[in-house]
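*Asks:* According to the UniProt record's numbering, the stretch in the sequence shown is residues 1 to 91, in order.
In this text, a Cβ means the ideal position worked out from N, Cα and C, and glycines have one as well.
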Amino acid sequence: WRIVNGSHYEYRTKIIFTCDPGYYRLGPAHIQCMANGVWSWKNERPHCQIISCGDLATPPSGKKIGTQTSFGATAIFTCDNGYMLVGSTVR
Numbered sequence: 001w002r003i004v005n006g007s008h009y010e011y012r013t014k015i016i017f018t019c020d021p022g023y024y025r026l027g028p029a030h031i032q033c034m035a036n037g038v039w040s041w042k043n044e045r046p047h048c049q050i051i052s053c054g055d056l057a058t059p060p061s062g063k064k065i066g067t068q069t070s071f072g073a074t075a076i077f078t079c080d081n082g083y084m085l086v087g088s089t090v091r
């Protein structure tokens with residue numbers, strides 16, 4: 001997060017939330033310190049969630065090495081004997 005205006009925890013201080021690469025934001029993009037001394041979020045506090053690309057299927061007559069599905073993960077594909085891989089061995 002970063003402060004856009006004001007000082008830490010003072011009335012009208014506005015904070016913008018961003019996430020590191022590989023994560024996406026849930027909740028409000030910004031909050032502001034209100035006159036009653038509380039932050040302006042409603043139900044959900046802003047937080048970052050890791051990006052998941054979902055499961056990669058194992059190719060027919062082949063194998064997949066790698067089970068991670070998060071941002072930056074890789075999988076390696078190989079073929080059974082007698083078969084040839086079309087496309088990249090790494091995704």
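What residues in its chain sit with their C-beta under 6 angstroms from that of N36, if we drop five residues either side in the sequence?
*Replies:* Locating residue 36 in the sequence shown gives position 36, where the first residue counts as 1. If we look at N36 and ignore the five residues flanking it on each side, it has no Cβ neighbours.
*Asks:* Is F71 helix, strand or coil when you go by DSSP?
*Replies:* Counted from its first residue, the sequence shown places residue 71 at position 71. Three-state DSSP puts F71 in coil, outside helix and strand.
*Asks:* Provide the residue span of the beta strand (DSSP E) that contains F17, from first to last.
*Replies:* Walking along the sequence shown from the start, residue 17 turns up at place 17. First-last for F17: undefined, no H or E at that position.
*Asks:* To the nearest angstrom, how far is it from the Cα of R12 to the Cα of M34?
*Replies:* Position 12 of the sequence shown, counting from 1, holds the residue named residue 12. Position 34 of the sequence shown, counting from 1, holds the residue named residue 34. Straight-line Cα distance between these residues: approximately 6 angstroms.
*Asks:* Thinking just about the alpha-carbon of each residue, which of Q68, P60, R91 and I50 is nearest to the one in L26?
*Replies:* Indexing the sequence shown from 1 puts residue 26 at position 26. The residue with the shortest Cα to Cα distance from L26 is I50.
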